[in-house]
Structures are given as C-alpha cells and as structure tokens.
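Inspection log for the structure reproduced underneath, given as structure tokens.
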Amino acid sequence: MTGHPADTRDLVDTAEQLAASLNGWIAAGRAGALPNETMRHLMAALVKVYAAKFDEGQRPVLLDAESDVSATAVLVTASALMKASNLEIFELGMWQSWSGTR
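Residue numbers (the numbering used here): 3 to 104.
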C-alpha cells in the first residue's frame with residue numbers, strides 16, 4: 003500500500019472497527035439491515051485487496067479457527083461470488099491447476 007505508515011495505521015484501525023461493528027450486528031441478528039449495495043462495495047474491495055496480495059506473491063490465510071465462520075457460510079459466499087462473476091466450478095478447478103494454488 004502506498005502512503006505514509008500513519009495512513010496505513012488509520013486504515014487498519016478503521017477496518018478493525020468495521021469488522022467488530024459488523025460482527026456485533028450479526029450477533030444481534032441485524033445482518034439483514036446492512037444495505038446490499040454497501041455489502042457489495044465491501045466485498046468488492048476485499049476481493050480486490052486479496053487479489054492484489056496474491057499477485058504480489060502473498061498467500062494470506064483468510065480464515066482461521068478464531069474467525070468463527072462456518073463451512074456453510076463459506077460455501078454460500080463462494081457460490082455467490084462465482085455466480086456474480088459468471089464462473090463455474092470447472093473453471094475454478096482448472097485455474098487452481100494452472101496457477102499451482104491447489
């Protein structure tokens with residue numbers, strides 16, 4: 003990321019606060035109140051960040067045991083991302099084989 007370390011720290015702090023707020027909303031049963039457009043903007047930005055890190059040779063672990071994300075939630079989200087991008091599971095398998103990410 004370009005910019006000054008203070009800018010990076012501010013972004014990290016804001017992102018951590020947003021994650022905590024969203025987790026609070028989920029725990030309170032209010033996830034449905036987040037506007038779909040806002041969710042799309044957040045998802046698109048995070049996908050782009052991960053792809054940029056991947057292109058730089060980084061392979062960060064997206065979820066760990068502390069993430070508390072169910073396998074069902076991952077499948078629902080991955081399926082929705084693939085559908086939105088007009089991708090089939092075959093294409094994912096081929097890309098993983100070609101890119102060596104499997």
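Don't be surprised by glycine CBs; every beta carbon is placed ideally from N, CA and C.
It should be emphasised that the depicted structure is a prediction, and the values quoted were computed from it without experimental measurement.
Annotation for ASN88: no alpha helix (DSSP H) segment contains it, and DSSP assigns it neither H nor E.
In the DSSP assignment, LEU24 falls within the unbroken alpha helix (DSSP H) covering 7 to 29.
Annotation for VAL51: the continuous alpha helix (DSSP H) segment containing it runs 38 to 57. By the CB criterion at 9 Å, LEU83 and MET45 fall inside the cutoff.
At a Cβ-Cβ threshold of 9 Å, VAL76 and LEU65 count as neighbours.
Taking C-beta atoms as the reference points, ARG42 and THR103 fail to come closer than 9 Å. In this model, SER23 and LEU13 are separated by some 15 Å (Cα to Cα).
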